[in-house]
Amino acid sequence: MQWESWSAFWSMGGAAPFVWGSYAVTLLLVALELVLVLRRRRDTVRRLIRLRRVTAPDRDERRASKEMFE
Amino acid sequence: MKTANFDDRIKRSKSLLRFAAPQMFYPLAGTFAPWCLAVAAVLTVLGLWIGFFVAPTDAQQGDVYRVIFIHVPAAWMSMFIYLVMAFWAAVGLVLNTRLSFMMAQALAPTGAMFCFVALWTGALWGRPTWGTYWVWDARLTSQLLLLFLYLGYIALTQAIDDARRADRAGAIIALVGAVNVPIIYFSVQWWNTLHQGASVSLTRAPSMASAMLWGMLVMALAAWAYTFAVVFWRVRSLILERERHTEWVGAELAAHEGRA
Chain A
1 MQWESWSAFW
11 SMGGAAPFVW
21 GSYAVTLLLV
31 ALELVLVLRR
41 RRDTVRRLIR
51 LRRVTAPDRD
61 ERRASKEMFE
Chain B
1001 MKTANFDDRI
1011 KRSKSLLRFA
1021 APQMFYPLAG
1031 TFAPWCLAVA
1041 AVLTVLGLWI
1051 GFFVAPTDAQ
1061 QGDVYRVIFI
1071 HVPAAWMSMF
1081 IYLVMAFWAA
1091 VGLVLNTRLS
1101 FMMAQALAPT
1111 GAMFCFVALW
1121 TGALWGRPTW
1131 GTYWVWDARL
1141 TSQLLLLFLY
1151 LGYIALTQAI
1161 DDARRADRAG
1171 AIIALVGAVN
1181 VPIIYFSVQW
1191 WNTLHQGASV
1201 SLTRAPSMAS
1211 AMLWGMLVMA
1221 LAAWAYTFAV
1231 VFWRVRSLIL
1241 ERERHTEWVG
1251 AELAAHEGRA
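Line by line, the protein sequences give chains A and B.
If you're matching positions, the first sequence starts at 1 in the numbering used here and goes up one per residue.
If you're matching positions, the second sequence starts at 1001 in the numbering used here and goes up one per residue.
Written out as structure tokens, the structure reads:
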């Protein structure tokens, strides 16, 4: 163990703003990226399902009319 | 009928190349992504434990050097991801494979994120050790150029509506910009920079305490695992989007609807 106390740990030998500023921003960006990626996934699935509802009946009709002619 | 035959054929294929087909890669990426994220989380905890509690205070720099455990892995990742992006862009241009371009696009935001992290942590490390947040030396300037290349690639591929044209235009930036990566890496040898030389190389013994080195390497592995996880998730959205007219995506969405 490198630290005499938790307060020594948090003060990082006087370099606290630089060390914790680095780690905090990295953590924030990683968390933000994960949220954005998962949200994009959810939005894509939702949008494509809606799109399919709009276009799918049309496709089924075409298939049905094709079968009638065959 | 032609597409149905292709689907059957590719599902029966035993070749590893079958995963170049989006409909085969999609479930594979979905299976791997959560595992990669779990591995990344475990390695991050381990790496930070080594970095903060095992590695000793540096004799010259004191404790501020502990920024290294994110700075160096982030910088490595930012360069490596760009090369992988350029590789997929080249494969896409030569073989005209759909998935390659999607991989290139899925990698860019994560590369840009790591590039920014490298610059940010570097600035915060530079202030107490060099007395300045920023200097226009070769290493810092070429790394900043890398960030602009990432942002340029993302902006260009987003701005062009036609996916095929966007892919090709982006591929040109990715390939031309790849020249910058060796410049970043060797800048500390080629020019007289304020930034120090490499502490770790394949040819020499590393010039740092072994606990510091291990902390850095474990964090680098964590960054790798994290990159795999996010890129797999992102490419899955891209695949659905681009293959939305195919029957297999229709089936996939129907399954989702059933669950919802």
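A virtual CB, placed ideally from N, CA and C, is assigned to each residue, including glycine.
Shorter than 8 Å from the beta carbon of Glu33(A) to some beta carbon of chain B? Position 33 of the first sequence holds residue 33(A). Cβ-Cβ to chain B under 8 Å: yes for Glu33(A).
Return the first residue and the last residue of the alpha helix (DSSP H) that Met954(B) is part of. Summary: the structure shown does not reach residue 954(B), with chain B confined to residues 1001 through 1260, and so no result is reported for it.
Consider the Cβ of Phe1053(B): report whether some Cβ of chain A lies at a distance smaller than 8 Å. Position 53 of the second sequence holds residue 1053(B). It does: the Cβ of Phe1053(B) has a partner Cβ on chain A nearer than 8 Å.
Starting from Val1117(B), find everything on chain A with Cβ-Cβ shorter than 8 Å and list it in chain order. Position 117 of the second sequence, counted from the first residue, corresponds to residue 1117(B). By Cβ distance, chain A contributes Val25, Thr26, Leu29.
Span of the alpha helix (DSSP H), counted from its first residue to its last, around Met12(A): To locate residue 12(A), count along the first sequence from 1; it is residue 12. Looking at the DSSP string, Met12(A) is not in any alpha helix (DSSP H), and its letter there is neither H nor E.
Given Leu1124(B), which residues of its chain have a CB within under 8 Å of its CB, disregarding the five upstream and five downstream residues? Start at 1 with the first residue of the second sequence, and residue 1124(B) comes out as number 124. Closer than 8 Å at the Cβ level, and outside the excluded window around Leu1124(B), lie Val1067, Tyr1133.
Min CB distance Val19(A) to chain B below 8 Å: Position 19 of the first sequence, counted from the first residue, corresponds to residue 19(A). Yes - at least one Cβ of chain B is within 8 Å of the one on Val19(A).
On the DSSP bridge assignment, give the partners of Gly1062(B) in chain order. Along the second sequence, one-based indexing puts residue 1062(B) at 62. Looking at the DSSP output, Gly1062(B) bridges to Asp1058(B).
Same chain only: Cβ atoms within 7 Å of Ile1172(B), ignoring 5 sequence neighbours per side: For the purposes of this step, residue 1172(B) is identified with residue 172 of the second sequence, where counting begins at 1. Answer for Ile1172(B): no residue qualifies.
Could you have a look at Trp1136(B) and say whether DSSP puts it in helix, strand or coil? Residue mapping note: residue 1136(B) aligns to position 136 of the second sequence, counting from 1. Here Trp1136(B) carries a coil assignment [DSSP, helix/strand/coil].
In the DSSP assignment, find the unbroken alpha helix (DSSP H) run with Trp1248(B) in it and report its ends. Locating residue 1248(B) in the second sequence gives position 248, counting from the first residue. Residues 1247–1259.
Go ahead and label Arg1236(B) buried or exposed: buried means 16 or more other beta carbons lie within 10 angstroms of its beta carbon, across all protein chains shown. To locate residue 1236(B), count along the second sequence from 1; it is residue 236. Counting Cβ neighbours within 10 Å, Arg1236(B) comes out buried, since at least 16 surround it.
Closest Cα partner of Trp1191(B) within the set Trp1248(B), Ala1178(B), Leu1140(B), Thr1031(B): Your numbering for residue 1191(B) matches position 191 in the second sequence. The shortest C-alpha separation from Trp1191(B) is found at Leu1140(B).
For Val54(A), decide whether its Cβ has a neighbour in chain B, counting only Cβ atoms nearer than 8 Å. As a working mapping, residue 54(A) is identified with position 54 in the first sequence. No, Val54(A) lies away from the interface with chain B (no Cβ there is under 8 Å from its Cβ).
Candidates Leu1046(B), Gln1023(B), Leu1095(B), Leu1017(B): closest to Met1216(B) by CA position: Your numbering for residue 1216(B) matches position 216 in the second sequence. Checked all of Leu1046(B), Gln1023(B), Leu1095(B), Leu1017(B); the closest Cα to Met1216(B) is Leu1046(B).
Need the endpoints of the alpha helix (DSSP H) that Ser1078(B) sits in, please. Stepping through the second sequence from its first residue, residue 1078(B) is reached at position 78. Counting along the chain, the alpha helix (DSSP H) containing Ser1078(B) begins and ends at 1068–1095.
I'd like the span of the alpha helix (DSSP H) that includes Pro1182(B), first residue to last. Taking the second sequence and counting its residues from 1, the one referred to as residue 1182(B) is at position 182. For Pro1182(B), the enclosing alpha helix (DSSP H) has its first and last residue at 1180–1190.
If you follow the alpha helix (DSSP H) that Arg1018(B) is part of, which residue opens it and which one closes it? Stepping through the second sequence from its first residue, residue 1018(B) is reached at position 18. First-last for Arg1018(B): undefined, no H or E at that position.
What residues from chain B crowd round Ser22(A), counting only those whose CB sits closer than 8 Å? Residue numbering aside, residue 22(A) sits at position 22 when the first sequence is read from its first letter. Those are Val1067, Ile1070, His1071, Trp1120, Thr1121, Leu1124, Trp1125, listed as they occur along chain B.
Can you find a CB in chain A that lies within less than 8 Å of the CB of Arg1236(B)? Position 236 of the second sequence, counting from 1, holds the residue named residue 1236(B). For Arg1236(B), the answer is yes, since a Cβ of chain A falls inside 8 Å of its Cβ.
Any idea if Trp1049(B) is buried or exposed, counting beta-carbon neighbours within 10 angstroms, 16 or more meaning buried? Start at 1 with the first residue of the second sequence, and residue 1049(B) comes out as number 49. So Trp1049(B) ends up on the exposed side.
Would you verify that the beta carbon of Thr1031(B) is, or is not, closer than 8 Å to some beta carbon of chain A? As a position in the second sequence, residue 1031(B) is number 31, starting the count at 1. Closer than 8 Å: no.
Do Pro1022(B) and Ala1223(B) have their CB atoms nearer than 8 Å? Translated into positions along the second sequence, residue 1022(B) becomes position 22. Translated into positions along the second sequence, residue 1223(B) becomes position 223. No, Cβ-Cβ distance for Pro1022(B) and Ala1223(B) is not below 8 Å.
Do you know whose CA, among Val1230(B), Glu1243(B), Pro1206(B), Ile1184(B), lies nearest Trp945(B)'s CA? Absent from the structure is residue 945(B), since the part of chain B shown begins at 1001 and ends at 1260.
Span of the alpha helix (DSSP H) around Ala1166(B): Mapped onto the second sequence, residue 1166(B) falls at position 166. Bounds of the alpha helix (DSSP H) holding Ala1166(B) are 1163–1177.
For the alpha helix (DSSP H) that Ser1199(B) lies in, which residues bound it at each end? Taking the first residue of the second sequence as 1, we reach residue 1199(B) at position 199. That residue, Ser1199(B), is in no alpha helix (DSSP H); it is neither H nor E in DSSP.
Below 7 Å CB to CB, which residues in the same chain sit around Tyr1026(B) once its five sequence neighbours on both sides are set aside? Taking the second sequence and counting its residues from 1, one reaches residue 1026(B) at position 26. Excluding residues within five positions, the ones whose Cβ falls inside 7 Å are Arg1236, Ile1239.
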